[in-house]
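Worksheet: the structure to be examined is printed underneath.
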Amino acid sequence: FGKSLMIYKEPVSEIKNFTEKIGLDCIIMYDMAHVLGLVGLNFQAPFAEGVEIVTGSTHKTFFGTQRGIIGCNWIEPELKYRLWETIESRTFPGSVSNHHLGTLLGLFAAAYEMNYFKDSYQAMVISNAKAFAEALAAMGLGVAGNKNDGYTQTHQVILEVGYAKGPGIAKRLEDNNIITNYQATPSEEGFTASGAIRMGTAEMTRFGMQANDFAVLAEYMSEVIKNNKSVKDKIKKFRTNFLDMKYCFDRKISETLMEKLYRCI
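Here you go:
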């Protein structure tokens, strides 16, 4: 499981039940690179649903430094735990020669904040994505997904802009200070034919944007995409409304935590 374009939960429990029904002995793996920061009651719980190995990035919806994780749902003396021991030994010193202390402390702080704020953060990220998608659709833009589901169950919102038009639309938005990512849809043969624009709500949710703010952004994007108008200066002004980061500890609490951590070293 896992992919770059991801607006719905993966059917983990359904696949797990199917493999058990047909007697297929296999390992279910879920690459949660894009949705690691959404794991839990607001999205899905992979281990509880039948996943045995999870991989993920710690710098996307999980708002940490650029690192990665591998986790398993096995314990000794389970037979499959031998695979986990092999993964550990092949990772270090096999594939990775350094644990990169320079980014480890940042990940520690992010994990601490994620554990504390995750319920409200995750709910707002997903709620904002639905509001953003609905606002874009109201502007007459082609939003991927089912309208009855709010177009998305994750942080991602996907616009379908036409065969091979993704790079040009993304560049036009970038010229107006709106950063997106062009992607190929499942029906397209590759990135050279990208006909979709991928966006996520996680970062700007942390800067305080809410549903009505994403509706304003949707209007600006519509002006660029449909009418080829410049909104560069409007976006600059709009962005100044969101300068203070949310879902994190304030400076005083952070300094106290760092002091306690330093004493433990």
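Our numbering applies: residue 1442 is where the sequence shown begins, and numbers increase by one.
Note that the Cβ used here is the ideal one computed from N, Cα and C, for glycine as well.
Rounded straight-line distance, which links the Cα of residue j to that of residue i
i        : j        : result
Lys-1693 : Gly-1464 : 56 angstroms
Leu-1520 : Ile-1469 : 15 angstroms
Ile-1620 : Phe-1573 : 15 angstroms
Asp-1472 : Thr-1460 : 19 angstroms
Asp-1654 : Trp-1515 : 44 angstroms
Val-1476 : Thr-1544 : 20 angstroms
Thr-1527 : His-1540 : 18 angstroms
Glu-1629 : Leu-1658 : 28 angstroms
Arg-1613 : Gly-1583 : 17 angstroms
Ser-1454 : Gln-1485 : 10 angstroms
Leu-1524 : Arg-1680 : 48 angstroms
Ser-1695 : Leu-1542 : 19 angstroms
Ser-1536 : Ser-1530 : 9 angstroms
Ser-1538 : Thr-1532 : 9 angstroms
Val-1495 : Cys-1467 : 15 angstroms
Cys-1705 : Thr-1633 : 52 angstroms
Asn-1669 : Gly-1509 : 39 angstroms
Nearest-angstrom Cβ-Cβ length linking residue i and residue j, presumed shorter than 8 angstroms
i        : j        : result
Ile-1599 : Asn-1483 : Actually they are not in contact, since the Cβ atoms of Ile-1599 and Asn-1483 sit about 20 angstroms apart, beyond 8 angstroms.
Ala-1662 : Leu-1577 : The question names Ala, but residue 1662 in the sequence shown is Met. With a Cβ gap of about 7 angstroms, Met-1662 and Leu-1577 count as contacting.
Glu-1699 : Arg-1647 : Checking the sequence shown, residue 1699 turns out to be Met, not Glu. The pair is not a contact, with the Cβ atoms about 20 angstroms apart (cut-off 8 angstroms).
Ala-1652 : Asn-1569 : 6 angstroms
Thr-1642 : Ile-1448 : Not quite, the Cβ-Cβ distance comes to about 12 angstroms (not below 8 angstroms), so this is no contact.
Ala-1611 : Ile-1638 : 6 angstroms
7 angstroms CB neighbourhood of residue i in its chain, flanking five on each side removed
i        : result
Asn-1617 : Val-1665, Ser-1671, Val-1672, Lys-1673 and Ile-1676
Glu-1660 : Met-1580
Gly-1603 : Gly-1636
Gly-1591 : Lys-1571, Ala-1574 and Glu-1575
Glu-1601 : Gly-1583, Ala-1585, Thr-1626, Gly-1636 and Ala-1637
Sequence-distant residues of its chain with Cβ nearer than 8 angstroms to residue i (five each side left out)
i        : result
Pro-1627 : Leu-1446
Pro-1608 : Tyr-1623 and Ser-1635
Arg-1667 : Note that residue 1667 is Lys in the sequence shown here, rather than Arg. Met-1580, Gly-1581 and Leu-1582.
Glu-1490 : Val-1453, Ser-1454 and Lys-1457
Glu-1493 : Ile-1468, Ile-1469, Met-1470, Cys-1513, Asn-1514, Trp-1515 and Lys-1521
Lys-1701 : none
Top-ranked residue by Cα proximity to residue i, from the options
i        : options                                   : result
Gly-1505 : Lys-1678, Phe-1679, Pro-1518 and Glu-1644 : Glu-1644
Lys-1501 : Ala-1605, Thr-1595, Gly-1603 and Asn-1653 : Thr-1595
Asp-1560 : Ile-1510, Leu-1582 and Leu-1479           : Leu-1479
Phe-1585 : Phe-1533, Met-1555 and Met-1640           : As written in the sequence, residue 1585 is Ala, which differs from the Phe given in the question. Nearest C-alpha to Ala-1585: Met-1640.
Ile-1631 : Thr-1642, Thr-1496 and Ala-1605           : One detail in the question is off: residue 1631 reads as Gly in this sequence, not Ile. The candidate whose alpha carbon is nearest that of Gly-1631 is Ala-1605.
Pro-1487 : Asp-1466, Met-1686 and Glu-1451           : Glu-1451
Met-1555 : Leu-1684, Ala-1489 and Thr-1499           : Thr-1499
Ala-1443 : Asn-1589, Lys-1678, Gly-1497 and Glu-1493 : Note on identity: in this sequence residue 1443 is Gly, with Ala being the wrong assignment. Nearest option by C-alpha distance: Gly-1497.
Gln-1563 : Tyr-1703, Gly-1481 and Pro-1534           : Gly-1481
Gly-1649 : Gly-1509, Phe-1683 and Asn-1669           : Phe-1683
Gln-1507 : Glu-1615, Pro-1534 and Ala-1474           : Ala-1474
Met-1565 : Gln-1597, Leu-1702 and Asn-1589           : Gln-1597
Within-8 angstroms CB hit, residue i to chain B
i        : result
Met-1645 : Absent here is chain B; the protein component of the structure consists of one chain.
Same chain, Cβ closer than 6 angstroms to residue i, neighbours up to 5 away in sequence not counted
i        : result
Phe-1558 : Tyr-1688
Q. Does the pairing of the region 1685 to 1692 with the region 1549 to 1558 give three or more beta-carbon distances under 8 angstroms?
A. yes
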